[in-house]
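Numbering (mature numbering (1 follows the signal peptide of the UniProt record, and there is no 0)), first residue to last: -23 to -1, 1 to 102. Heads up, the thing below is written out as structure tokens.
Right, here's the structure in full:
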């Protein structure tokens, strides 16, 4: 009986150590992912080229909103993205980047936004 108690105590300690290591490893992995994607919950990493139509709309060099390439000269985005802007002077579209902080210049195109056409009946409420 004493041997069984000792065995079970040892097993519990070993399992606790394994669980702590797994938890710490998961925390480190999650921390790395969260640093890159602070707003995405339970998302999956995209593979290069997986979503070739997805673009990043940038304002003064910062990601501002997403959009979809629907024609070689047309991007469709959500109505709220550009609703309150009249000038597109500081806006750019980045195409071909899988990770915005690791954009490879060989595959990425950056274009200025010439004009935008807001949806006339957009109502945020």
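Beta carbons: idealized from backbone N, C-alpha and C, even for Gly.
Three-state class that DSSP yields for residue i in the structure shown
i, result
"residue 55", "coil"
"residue 79", "helix"
"residue 64", "coil"
"residue 91", "coil"
Rounded straight-line distance, which links the Cα of residue j to that of residue i
i, j, result
"residue 79", "residue 33", "13 Å"
"residue 81", "residue 70", "15 Å"
"residue 66", "residue 89", "8 Å"
"residue 57", "residue 63", "13 Å"
"residue 23", "residue 30", "13 Å"
"residue 8", "residue 91", "Note that residue 8 has pLDDT 49, beneath the 50 cutoff, so the model's placement of it is unreliable and no number is given."
"residue 1", "residue 20", "Residue confidence is low: residue 1 scores 44 on pLDDT, short of 50, so the model does not pin down where it sits. No coordinate-derived value is stated."
"residue 85", "residue 74", "6 Å"
Cutoff 8 Å; reference residue i; Cβ partners in own chain excluding five residues on either side
i, result
"residue 54", "34, 42, 43, 44 and 45"
Residue closest to residue i, alpha-carbon to alpha-carbon, out of the options
i, options, result
"residue 25", "101, 95, 88 and 76", "76"
"residue 39", "68, 47, 21 and 61", "68"
Residues near residue i in its chain [Cβ-Cβ closer than 7 Å; skip 5 each side]
i, result
"residue 98", "none"
Contact set for residue i: own chain, Cβ-Cβ below 6 Å, skip 5 residues either direction
i, result
"residue 36", "67 and 68"
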